[in-house]
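Undergrad: There's a structure below that I have some questions on.
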Amino acid sequence: MLFHTWVFFVFFLIVYSVYLVVKRNNRLMNVWLMIASYTFYGWWNPYYLLLLFGTSAIDYLMVLAMERSQKTRKLWLVISLVSNFGFLGYFKYSGFITENLNTFLGTLGSPYLIPDPVYYPNMLMGLMGVPESHFFEAVILPIGISFHTFQSMSYTIDAYRGTIQTERSFIRFLTFVSFFPQLVAGPIERARNLLPQLQSEPKITRLDITDGLALFLVGFFKKVALADYLSMYADKVYQDPAHFQAAGLTLATFAFAWQIYFDFSGYTDMARGIARLMGFHLMLNFNNPYVATGLGDFWARWHISLSTWFKDYVYYPLGGNRHGWLRTYRNMFLTMVISGIWHGANWTFVIWGALHAVGRVLTRELERTYFYREVVPTFVKQLLVFTFVTFTWIFFRAQDLKDGTSALQAAWLIIRRIFTTAWTNPQFPILMLVLVLAVWAYQFLYNAGVKTRAVLEFAPVRVGLVVVMITYLAIVAQPSTKAFIYFQF
Amino acid sequence: MGEREPGQRQLPPELDTEARSNAIRLSGWEWVGVGLFAVLLIVAGPRLWKMFERFDLEPDYRIPKDLSNDYWLYDRYMELAAAHYDTLVVGDSVVWGEYVRRDQTLSHYLNEQAGRDGFANAGLDGTHPAALAGLLEFYGASIKGKKVVLHCNPLWLSSPKADLRVEDANFNHPRLVPQFVPPIPSYPLEREKISQRLGIVVEQRVPFEGWTAHLQQAYYRDPSDLPIDIPTWTLHHPYANPLKPLTRGLPPSDFRLHAEPITWTARGISKQDYPWVDLDGSLQWQSFQRSVEMLRRRGNQVFVLVGPFNEHLLSAKSVPEYQKVKGRIEAWLKQKNLPYLAPPALASDLYADASHPLAAGYARLAQQVLKSLPSGW
Numbered sequence: 001m002l003f004h005t006w007v008f009f010v011f012f013l014i015v016y017s018v019y020l021v022v023k024r025n026n027r028l029m030n031v032w033l034m035i036a037s038y039t040f041y042g043w044w045n046p047y048y049l050l051l052l053f054g055t056s057a058i059d060y061l062m063v064l065a066m067e068r069s070q071k072t073r074k075l076w077l078v079i080s081l082v083s084n085f086g087f088l089g090y091f092k093y094s095g096f097i098t099e100n101l102n103t104f105l106g107t108l109g110s111p112y113l114i115p116d117p118v119y120y121p122n123m124l125m126g127l128m129g130v131p132e133s134h135f136f137e138a139v140i141l142p143i144g145i146s147f148h149t150f151q152s153m154s155y156t157i158d159a160y161r162g163t164i165q166t167e168r169s170f171i172r173f174l175t176f177v178s179f180f181p182q183l184v185a186g187p188i189e190r191a192r193n194l195l196p197q198l199q200s201e202p203k204i205t206r207l208d209i210t211d212g213l214a215l216f217l218v219g220f221f222k223k224v225a226l227a228d229y230l231s232m233y234a235d236k237v238y239q240d241p242a243h244f245q246a247a248g249l250t251l252a253t254f255a256f257a258w259q260i261y262f263d264f265s266g267y268t269d270m271a272r273g274i275a276r277l278m279g280f281h282l283m284l285n286f287n288n289p290y291v292a293t294g295l296g297d298f299w300a301r302w303h304i305s306l307s308t309w310f311k312d313y314v315y316y317p318l319g320g321n322r323h324g325w326l327r328t329y330r331n332m333f334l335t336m337v338i339s340g341i342w343h344g345a346n347w348t349f350v351i352w353g354a355l356h357a358v359g360r361v362l363t364r365e366l367e368r369t370y371f372y373r374e375v376v377p378t379f380v381k382q383l384l385v386f387t388f389v390t391f392t393w394i395f396f397r398a399q400d401l402k403d404g405t406s407a408l409q410a411a412w413l414i415i416r417r418i419f420t421t422a423w424t425n426p427q428f429p430i431l432m433l434v435l436v437l438a439v440w441a442y443q444f445l446y447n448a449g450v451k452t453r454a455v456l457e458f459a460p461v462r463v464g465l466v467v468v469m470i471t472y473l474a475i476v477a478q479p480s481t482k483a484f485i486y487f488q489f
Numbered sequence: 490m491g492e493r494e495p496g497q498r499q500l501p502p503e504l505d506t507e508a509r510s511n512a513i514r515l516s517g518w519e520w521v522g523v524g525l526f527a528v529l530l531i532v533a534g535p536r537l538w539k540m541f542e543r544f545d546l547e548p549d550y551r552i553p554k555d556l557s558n559d560y561w562l563y564d565r566y567m568e569l570a571a572a573h574y575d576t577l578v579v580g581d582s583v584v585w586g587e588y589v590r591r592d593q594t595l596s597h598y599l600n601e602q603a604g605r606d607g608f609a610n611a612g613l614d615g616t617h618p619a620a621l622a623g624l625l626e627f628y629g630a631s632i633k634g635k636k637v638v639l640h641c642n643p644l645w646l647s648s649p650k651a652d653l654r655v656e657d658a659n660f661n662h663p664r665l666v667p668q669f670v671p672p673i674p675s676y677p678l679e680r681e682k683i684s685q686r687l688g689i690v691v692e693q694r695v696p697f698e699g700w701t702a703h704l705q706q707a708y709y710r711d712p713s714d715l716p717i718d719i720p721t722w723t724l725h726h727p728y729a730n731p732l733k734p735l736t737r738g739l740p741p742s743d744f745r746l747h748a749e750p751i752t753w754t755a756r757g758i759s760k761q762d763y764p765w766v767d768l769d770g771s772l773q774w775q776s777f778q779r780s781v782e783m784l785r786r787r788g789n790q791v792f793v794l795v796g797p798f799n800e801h802l803l804s805a806k807s808v809p810e811y812q813k814v815k816g817r818i819e820a821w822l823k824q825k826n827l828p829y830l831a832p833p834a835l836a837s838d839l840y841a842d843a844s845h846p847l848a849a850g851y852a853r854l855a856q857q858v859l860k861s862l863p864s865g866w
């Protein structure tokens, strides 16, 4: 169920109406939100609910077990982590690992090949006497698995560390893991933020309603009017890069850079807006990342809930920056590469993460110098960061091509062609450029200082922008049923 | 803007968007203003556009074939036609004139033979009865207190596929048929499609949606001159002003001949053995009945023209089956006290296929219709 569709509109009307009635009774509220969330998730494929329920139940029980037996706390944590990573590994990475191991075995001349991951459940079903016609054809990635698994895991890790209270209500915990506004694409909420909000009656203020509406509208505009529009150009080029020249490939990458930002931050805005209408505050997930002045700054603004997750649960446990510069850079590098792998099971994501890691390591010292901080104009810094980030998106976006070219080969092909082909007419729509530049200018001005920001916050400007967005959505934008990019993660 | 309400709890810094995000925030009253603007846009937008968009109602006007899905245009045409003509000839491509020019259609010959400009071609290509009922319900509200010649094409009863009983069969005008109830086997409801169907239900009832679709269909064309939406248009014309096509004016009436005007035998169509459907439980028949009742409820004087179907094309086995269907149709029309004409088939060489006459066929049919119209028509 996508936020920008009619079916969600009807779903939310029903959920919200009942929610307003039941929210005074905490138990009823949580039961209702859990039912709504499971309906929302099960809309795609009800079988996925078993996985969602299973991982949630294990984590809930492990934390209860931790509380009862202090001596075996670590064991319960390990069980929780193994089960979470086990499910994630099987559904998301097993195909990739199998494929690469088989390639490796093939180069060694081994006659043995590891079977496709779907073989194992089918074998079990066969042993149970299930007819072959009912076997699975392939392992299908459950939507948003990386998001809810990480959210659930953060609870067990925090409980193990003793930084949060154990949640005793199973229903409330299920609601926390499956809370529908942020279930499939974040923000990845922490238990310490969301669970307390589920423990008391949410107060819906006038500000919650007005801000909720604004967040939803901005997110809706980002998705339907901007992301889906930009995808028309980016998709056309990336599906057949060999037929495009340098300018077209560069602009397609530029278009994708903005498409993914609008798509993902649009989802987050809508998620936060929906939650806000219900009186819940979800964390900020994007903070104008394309005006960042350094790579560290970029990651403090892009997918903040994931960046902070990795910082808290990977970077700091590895030692953070406490053991000298070499260990610091090693930790930063590992964290970024793991973050890349989190996004998808493909070498392109590994390279994407590694590029950011290298970039971060190389620029960290530079960013500390007086020259970079004080002499280089902010605009130049912002442009440098944007150029680097946009370049790395090539690996993120590249896809397997119809002629058998792998995504990785396609990425190299695009880079090669950007540097070796002529800068011919890219046929890039002016309207696309105007829309992107308008948003970019808005963000620059918003970040430039108090005075320019005051102009943007002048009532006629704000109201005018909302009116323009509504008019554009109503007349120009097309009804969209395009899924969000981050659903696949 | 951005005021903190009394009693609202202080949020932790990472949650407080006030200082760190560019989210556009409006106060309650500002939202009320924006809401009023949205209502005004929805209500007044299509109306204002009618004042700006020039629509020349020429004699023999018919909706351009490639705008057959532009229902807002049809609605607008009906408004003008209902004001100008006393009789509207309503139906599918038989009325529209599939194999003829616009000056060879049934309405043209009715006007010519009646010696007055009184009949409008209100046909729309591809509107089988289920679609026609939707067209009249949602986009034909102007047809009230008028005289209506309603065409009943038995072709839509000739097989389970034509009656939309075959699962997943392609059919015309899905945006006009009922989206949820009654269920249509040819239009199965899948979970992924529910949202799209809900969108169509809204479009059927909110003229604004039809108007925005009209803007895109009528003015924006791809290189093959087919209607496209504005975002796609900008990909074809990257450096052009996206508003410029709107100044071009509405596409004119359809002058062109869209199919070769030759007889069905010259077309190589062999004798057909149609598996006619039983009228009881037929969606198309029920839809036709619904259209008749709807038109009468709106105070229209309805005259029904049944066929004439090309019986020459039917196999010997199929003819009596067709006669039975035709008999049932006539019986119902009699029972409802509806004036009608169910003429025998035209000569074989006056047909282009199973149901569409050629120009001479329309001329002959117009004579028969004029003779059969009730007095005072």
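The listed protein sequences correspond, in order, to chains A and B. Here the first sequence is numbered in the working numbering, starting from 1 and rising by one per residue. Here the second sequence is numbered in the working numbering, starting from 490 and rising by one per residue. The C-beta atom is built at its ideal place from N, Cα and C for all residues, glycine as well.
1) Pairs of beta-carbons, one from the segment 545-562 of chain B and one from the segment 228-248 of chain A, closer than 8 Å: are there three or more?
2) Is any beta-carbon of chain B found at less than 7 Å from that of phenylalanine 333 of chain A?
3) Check each residue of the segment 514-528 of chain B: if its Cβ is closer than 8 Å to any Cβ of chain A, include it; give the result in chain order.
4) Using 7 Å as the threshold, is the C-beta distance between serine 37 of chain A and phenylalanine 179 of chain A below it?
5) Can you find a CB in chain A that lies within less than 7 Å of the CB of isoleucine 689 of chain B?
6) I need the straight-line Cα distance from glycine 615 of chain B to tryptophan 585 of chain B, nearest angstrom please.
7) Between the C-alpha atoms of glutamine 773 of chain B and glutamate 810 of chain B, what's the straight-line distance to the nearest angstrom?
8) If you draw a straight line from the alpha carbon of arginine 322 of chain A to that of asparagine 285 of chain A, how long is it in whole angstroms?
9) Shorter than 7 Å from the beta carbon of glutamine 239 of chain A to some beta carbon of chain B?
10) Determine the DSSP secondary structure at proline 202 of chain A, reduced to helix, strand or coil.
11) Identify which residue in A:Asp158, A:Ser152, A:Ser200 has its Cα closest to the Cα of proline 187 of chain A.
12) Going by beta-carbon coordinates alone, are asparagine 346 of chain A and alanine 252 of chain A separated by less than 7 Å?
13) With a Cβ-Cβ cutoff of 7 Å, do leucine 802 of chain B and valine 791 of chain B count as a contact?
14) Can you check the segment 712-799 of chain B for any alpha helix (DSSP H) of at least 4 residues that lies completely inside it and give the ranges in chain order?
15) Spatial neighbours of tryptophan 302 of chain A within its chain, please: CB distance less than 7 Å, with the 5 preceding and 5 following residues excluded, ordered by chain position.
16) At 8 Å on the CB atoms, spell out the chain B contacts of threonine 471 of chain A, in chain order.
17) Got a sec: is the Cβ-Cβ distance from alanine 890 of chain B to anything in chain A below 7 Å?
18) Output needed for lysine 74 of chain A: all residues of its chain with C-beta closer than 7 Å, excluding positions within five of it in sequence on either side, in chain order.
19) Please classify isoleucine 274 of chain A as buried or exposed, where buried requires at least 16 other C-beta atoms within 10 Å of its C-beta.
20) Sort B:Ser582, B:Lys733, B:His617 by Cα distance to proline 846 of chain B and report the nearest one.
21) Which runs of the alpha helix (DSSP H) spanning at least 4 residues fall entirely within the segment 285-315 of chain A, listed in chain order?
22) Extract the residue ranges of the alpha helix (DSSP H) inside the segment 586-617 of chain B, only unbroken runs of 4 or more that lie entirely within it.
23) Would you tell me roughly how many angstroms separate the C-alpha atoms of glycine 344 of chain A and threonine 387 of chain A, rounded to the nearest one?
24) Could you check which residue in B:Arg591, B:Val532, B:Asp767 has the C-alpha nearest to that of arginine 745 of chain B?
25) Apply the 10 Å Cβ neighbour rule to threonine 833 of chain B and answer buried if 16 or more other Cβ atoms are within range, or exposed otherwise.
26) I'd like to confirm the pairing. Which residues does DSSP put opposite proline 846 of chain B in its beta bridges?
27) Taking the CB atoms as reference points, tell me whether alanine 841 of chain B and tyrosine 676 of chain B lie closer together than 7 Å.
28) Please state the DSSP three-state secondary structure of threonine 369 of chain A.
29) Using the beta-carbon count (16 or more within 10 Å), is glutamine 382 of chain A buried or exposed?
30) Run through chain A and tell me which residues come within less than 9 Å of threonine 723 of chain B, C-beta to C-beta.
31) Do you know how far the Cα of leucine 174 of chain A is from the Cα of leucine 465 of chain A?
32) Under the DSSP definition of a beta bridge, which residues are partnered with leucine 830 of chain B?
33) Is aspartate 211 of chain A close to chain B? Criterion is C-beta to C-beta, closer than 7 Å.
34) Does the beta carbon of glutamate 547 of chain B fall short of 6 Å from some heavy atom of the ligand NAP?
35) Along the segment 8-40 of chain A, where does the CB come closer than 9 Å to a CB of chain B? Name the residues.
36) Cutting at 7 Å between CB atoms, please list the residues of its own chain near valine 385 of chain A, excluding the five before and the five after it.
TA: Looking at the coordinates:
1) no
2) Working through the first sequence from its first residue, we reach residue 333 of chain A at position 333. False, the Cβ-Cβ gap to chain B never drops below 7 Å.
3) Arg514, Leu515, Ser516, Gly517, Glu519, Trp520, Gly522, Val523, Phe526, Ala527
4) Your numbering for residue 37 of chain A matches position 37 in the first sequence. Your numbering for residue 179 of chain A matches position 179 in the first sequence. The answer is yes: Cβ separation under 7 Å.
5) Numbered from 1 along the second sequence, position 200 holds the residue referred to as residue 689 of chain B. Answer no: the Cβ-Cβ gap between isoleucine 689 of chain B and chain A never drops below 7 Å.
6) Counted from its first residue, the second sequence places residue 615 of chain B at position 126. Counted from its first residue, the second sequence places residue 585 of chain B at position 96. Taking the straight line joining both Cα atoms gives about 9 Å.
7) Here residue 773 of chain B is taken as the residue at index 284 of the second sequence, counted from 1. Here residue 810 of chain B is taken as the residue at index 321 of the second sequence, counted from 1. Going by the C-alpha atoms only, they are around 17 Å apart.
8) In the first sequence, counting from the first residue as 1, residue 322 of chain A sits at position 322. In the first sequence, counting from the first residue as 1, residue 285 of chain A sits at position 285. Going from the Cα of arginine 322 of chain A to the Cα of asparagine 285 of chain A covers about 27 Å.
9) In the first sequence, the residue the question calls residue 239 of chain A occupies position 239. Cβ-Cβ to chain B under 7 Å: no for glutamine 239 of chain A.
10) On the first sequence, position 202 is the one that residue 202 of chain A refers to. Looking at proline 202 of chain A - three-state DSSP - the assignment turns out to be coil, as it is neither helix nor strand.
11) Looking up residue 187 of chain A in the first sequence gives position 187. Of the listed residues, the one whose Cα sits closest to proline 187 of chain A is A:Ser152.
12) Indexing the first sequence from 1 puts residue 346 of chain A at position 346. Indexing the first sequence from 1 puts residue 252 of chain A at position 252. No, they are not a contact pair.
13) On the second sequence, position 313 is the one that residue 802 of chain B refers to. On the second sequence, position 302 is the one that residue 791 of chain B refers to. No, these two residues do not count as a Cβ contact at 7 Å.
14) 719-725, 772-786
15) As a first step, residue 302 of chain A must be located in the first sequence, where it is residue number 302. Excluding sequence neighbours, tryptophan 302 of chain A sits near Phe286, Pro289.
16) By one-based count along the first sequence, residue 471 of chain A stands at place 471. Result: Leu530.
17) Within the shown structure, residues of chain B are numbered from 490 to 866, placing residue 890 of chain B beyond reach of any answer.
18) Taking the first sequence and counting its residues from 1, the one referred to as residue 74 of chain A is at position 74. Contacts found: none.
19) Stepping through the first sequence from its first residue, residue 274 of chain A is reached at position 274. Classification of isoleucine 274 of chain A: buried, given that the 10 Å Cβ count is 16 or more.
20) The residue you call residue 846 of chain B lines up with position 357 of the second sequence. Here the closest residue by C-alpha is B:Ser582.
21) 295-299, 304-310
22) 595-603
23) For this step, residue 344 of chain A is matched to residue 344 along the first sequence. For this step, residue 387 of chain A is matched to residue 387 along the first sequence. If you take the alpha carbons of glycine 344 of chain A and threonine 387 of chain A, they lie about 23 Å apart.
24) The residue labelled residue 745 of chain B in the question sits at position 256 within the second sequence. Among B:Arg591, B:Val532, B:Asp767, the Cα nearest to that of arginine 745 of chain B is on B:Arg591.
25) As a working mapping, residue 833 of chain B is identified with position 344 in the second sequence. Going by the sequence as given, residue 833 of chain B is proline instead of threonine. With fewer than 16 other Cβ atoms within 10 Å, it is exposed.
26) By 1-based counting over the second sequence, the position of residue 846 of chain B is 357. Note: proline 846 of chain B sits in a beta bridge opposite B:Tyr840.
27) The count along the second sequence starts at 1 and reaches residue 841 of chain B at position 352. The count along the second sequence starts at 1 and reaches residue 676 of chain B at position 187. Not closer than 7 Å, so no.
28) By one-based count along the first sequence, residue 369 of chain A stands at place 369. Correct three-state label for threonine 369 of chain A: coil.
29) Taking the first sequence and counting its residues from 1, one reaches residue 382 of chain A at position 382. With 16 or more other Cβ atoms within 10 Å, it is buried.
30) Here residue 723 of chain B refers to the residue found at position 234 when the second sequence is read from its first residue. Going along chain A in sequence order, the residues near threonine 723 of chain B (Cβ under 9 Å) are Tyr229, Met232, Pro429, Ile430, Leu431, Met432.
31) Position 465 of the first sequence, counted from the start, is the residue given in the question as residue 465 of chain A. Position 174 of the first sequence, counted from the start, is the residue given in the question as residue 174 of chain A. Cα-Cα distance, rounded: 39 Å.
32) For the purposes of this step, residue 830 of chain B is taken as residue 341 along the second sequence, with counting starting at 1. According to DSSP, which records beta bridges pairwise, leucine 830 of chain B is partnered with B:Leu794.
33) As a position in the first sequence, residue 211 of chain A is number 211, starting the count at 1. Interface residue, yes.
34) Ligands are entirely absent from the displayed structure, and the ligand NAP is therefore not among its contents.
35) Phe8, Phe9, Val10
36) The residue you call residue 385 of chain A lines up with position 385 of the first sequence. If we look at valine 385 of chain A and ignore the five residues flanking it on each side, its Cβ neighbours are Ala292, Thr293, Gly294, Leu295, Phe298.
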